[in-house]
């Protein structure tokens, strides 16, 4: 079985839940704007993690499916609002929501998806599990939403600040990307009836693959076009984006090299991409980042081995590996 | 006791909860932007309604105080996002959040307040009440958030559409303004342990005063400056805003008058305010709107009389009357 098959296995049920949730939104303009990115696709990794984490602790798909849909709704909400903030005009091969419906409707579409996510968690059937579990799953999801906002705000505050250290950077990407993935695995484990140890293991697994996911994303930006299936090399460098490689290179470079790298990042020209990558290589920053991603995935898989082996734990291990192979 | 004293009675406890909730937001820029409107004031009517509704069914302040704070956080979230959408640059006598921190941070501030609201409800102490009640209170609050988004979207879609009928208009203002007030009273009644009948009574009370609140707001715009403590008369007319008076006048006016009123509303000049008000008066639209507000408040107070009388029910009746006296 391939990862794509694992994700396909649950995506139909997840889609049904999402469709039910958004199908009642009124007026029509608002409904369409909430559905746009969902219809445009997406791999459904996060919701699949909720369901697999429930199964990994002996729980069912049914008990986790509402929260799985909710996690995808939250992910979509954050994409819509991020695209407004970052002025990104394309997403999933389609014009962004704010491009099609304007900024005001896009803000509302995000807010609606956010509200719908919580409503959906609260629809978890309580005949099979206790209210306490639903509340704890919801706490986990809500906590990750706060972190997503904080992470995005930190990312904005970091812009043009080249003194950000590795700890601050890692904390930012944990909040911005890792927290929702960790909430997906944690809420699944809670709803599936995992004991406290299992819940912590799956939370940590989610956090680790979340970090690897973000670092791999940054890594893919500096590897050659052929390896990267055609995405232009160095777009993060042109945009002056903070990445683990930038943070590492800046904190290890000579004063002269540091100054040069900062001027390339501030400059916004794509002619200096090769030189920036040369500097990353000089200080071992690309290998450093890649190693952290690989180590995170290894640690995540080691954690899974402490759980009873099942089809779900095997799938979770495959998803961990997939994070490192992932090509844009 | 005056209404201002009733609101003052709970505002200190509500402020403490809000302060605790927002005090941990990081980075500092995000924290400040979430606190800005809260620090600028606000009468705290909505959170007081949560607490009073708990007391009105024999519940405590303690059991409702977290949800009371949450309702104020949601109200603040909606003000911040609305100000971005409506390009309103002032709020509560201060520059709006997006004016001070930019649109991106304002979107995030709203999203953070939204997340924090749900976190706060989930902090309701469960030793005193069951998980089920907290979940039901949360469902109520989440449902009102969906309605707020839908109401705001409908309001946007109505812009420039002069065919909106009274039912559509009333449904829009119920969602935009009434739903959160009804959620305040309903969640308070649920948390306070009200029986199903009491919960329905307080929900309907909230819905009715919420409608009266919005209609009174529109009414205040067309009464004379002296009665209205200095707010310029007719700003809604200049902005071409849909109000109950507009909807009523348009559906009752002769073709000629209808055409004239529409052209005034589209025109955006303040020279025609008097003529628009004259047309409202010609068709009895001002009296019609005012009568609905008065009748809603009367019905709300009649409903309260079916509950056992207490200090809380007397306070709720006073708040209902206050909605009609309220001056900007």
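Residue numbers (the working numbering), protein chains in the order written: chain A, 1 to 328; chain B, 1001 to 1328. Cβ coordinates follow ideal geometry from the N, Cα and C atoms, glycine included.
7 Å Cβ cutoff, residue i in contact with chain B
i: residue 108/A; result: yes
i: residue 112/A; result: yes
i: residue 132/A; result: yes
i: residue 81/A; result: yes
i: residue 153/A; result: yes
i: residue 139/A; result: yes
i: residue 150/A; result: yes
i: residue 167/A; result: no
i: residue 122/A; result: yes
i: residue 181/A; result: no
i: residue 304/A; result: no
i: residue 115/A; result: yes
i: residue 278/A; result: no
i: residue 213/A; result: no
i: residue 104/A; result: yes
Residue i at chain A interface by Cβ criterion, 7 Å
i: residue 1019/B; result: no
i: residue 1142/B; result: yes
i: residue 1334/B; result: Within the shown structure, residues of chain B are numbered from 1001 to 1328, placing residue 1334/B beyond reach of any answer.
i: residue 1239/B; result: no
i: residue 1146/B; result: yes
i: residue 1096/B; result: no
i: residue 1053/B; result: no
i: residue 1119/B; result: yes
i: residue 1328/B; result: Caution is warranted here: a pLDDT of 44 is assigned to residue 1328/B, below 50, making its placement in the model unreliable, and no coordinate value can be reported.
Close-in-space but distant-in-sequence residues of the same chain around residue i (CB under 6 Å, 5 per side omitted)
i: residue 97/A; result: 33, 36, 80, 106 and 109
i: residue 1264/B; result: 1272 and 1276
i: residue 1336/B; result: In the structure as shown, chain B begins at 1001 and stops at 1328. Residue 1336/B is therefore absent and cannot be evaluated.
i: residue 1207/B; result: 1178 and 1182
i: residue 315/A; result: 6 and 52
i: residue 237/A; result: 273 and 276
i: residue 281/A; result: none
i: residue 321/A; result: none
i: residue 144/A; result: 179, 180 and 183
i: residue 1194/B; result: 1057
i: residue 1318/B; result: 1003
Beta-carbon proximity list for residue i, same chain, < 7 Å, skipping 5 on both sides
i: residue 1018/B; result: 1038, 1069, 1072 and 1073
i: residue 1042/B; result: 1092
i: residue 112/A; result: 25, 30 and 34
i: residue 1235/B; result: 1221
i: residue 1103/B; result: 1084
i: residue 176/A; result: 148, 151, 152 and 155
i: residue 204/A; result: 303
Same chain only: Cβ atoms within 8 Å of residue i, ignoring 5 sequence neighbours per side
i: residue 266/A; result: 160 and 240
i: residue 166/A; result: 244, 247, 248 and 251
i: residue 134/A; result: 121, 122, 124, 126 and 191
i: residue 268/A; result: 238, 239 and 240
Proximity test, residue i beta-carbon vs the ligand ZN heavy atom, cut-off 6 Å
i: residue 1202/B; result: For the ligand ZN, the structure offers nothing, since it holds no ligand at all.
Examine the Cβ distances between the region 1208–1225 of chain B and the region 1065–1076 of chain B and report whether three or more of them are shorter than 8 Å. The region 1208–1225 of chain B makes no contact with the region 1065–1076 of chain B, as fewer than three CB pairs between them are under 8 Å.
For the region 1183–1202 of chain B, which residues have a CB atom closer than 7 Å to at least one CB atom of chain A, in sequence order? none
Chain-ordered residues of the region 25–51 of chain A with a beta carbon less than 8 Å from chain B: 25, 26, 27, 29 and 30
Under 9 Å (Cβ pairs) to chain B, residues found in the region 59–90 of chain A: Going along the region 59–90 of chain A in chain order, one finds 77, 78, 81, 84, 85 and 86 with a Cβ nearer than 9 Å to chain B.
Is it true that the region 1051–1058 of chain B meets the region 1307–1327 of chain B, where meeting means three or more beta-carbon pairs spaced less than 8 Å apart? yes
What are the residues in the region 154–165 of chain A lying within 7 Å of chain B by C-beta distance? 154, 156 and 157
Would you list, in sequence order, the uninterrupted alpha helix (DSSP H) runs of no fewer than 4 residues that lie entirely inside the region 1242–1308 of chain B? 1244–1252, 1255–1267, 1273–1282 and 1285–1304
Do three or more CB pairs link the region 1278–1289 of chain B to the region 295–304 of chain A at distances below 8 Å? no
Touch test, the region 146–153 of chain A against the region 1112–1132 of chain B, Cβ-Cβ under 8 Å, three pairs minimum: yes
Three Cβ pairs or more, each shorter than 8 Å: is that satisfied between the region 1183–1202 of chain B and the region 1129–1144 of chain B? yes
Quick check for students: name the residue ranges of the alpha helix (DSSP H) that lie wholly in the region 175–221 of chain A, counting only runs of 4 or more. 179–191 and 196–220
Ranges of the alpha helix (DSSP H) found wholly within the region 1039–1064 of chain B, counting only runs of at least 4: 1045–1056
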